[in-house]
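Residue numbers (my numbering): 672 to 776.
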């Protein structure tokens, strides 16, 4: 069995991600504790958080999230918005629509 080549990005992160003084190559949100996150919340936001449902949502995404996202665009409604669980799903969906059989991406 042949070995796969090193995934160079992960090799880089494994060396520097938790040791660099300033991490400028992250593709994720800044890590923090729940206490730190909630300390930034208003009382109303904290109340919403404490009532947050942690189960599955509708296939296209939570209606209130889709509505909030649609309001950031002119002439778009929640029906124009799809939410994904992480970037990989969204990238796959976009590629499935935009690329053809012989496309090189």
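For every residue, glycine included, the Cβ atom is placed at its ideal position computed from N, Cα and C.
Counting along the chain, the unbroken alpha helix (DSSP H) around residue 734 starts and ends at 734-741. Assignment of residue 746 by DSSP, reduced to helix, strand and coil, places it in the coil class. Note that the C-beta distance between residue 756 and residue 737 is not below 8 Å. As the crow flies, the alpha-carbon of residue 762 is around 24 Å from that of residue 685.
Within the same chain, Cβ atoms closer than 6 Å to the Cβ of residue 753 are found at 731, the five residues on either side in sequence being excluded.
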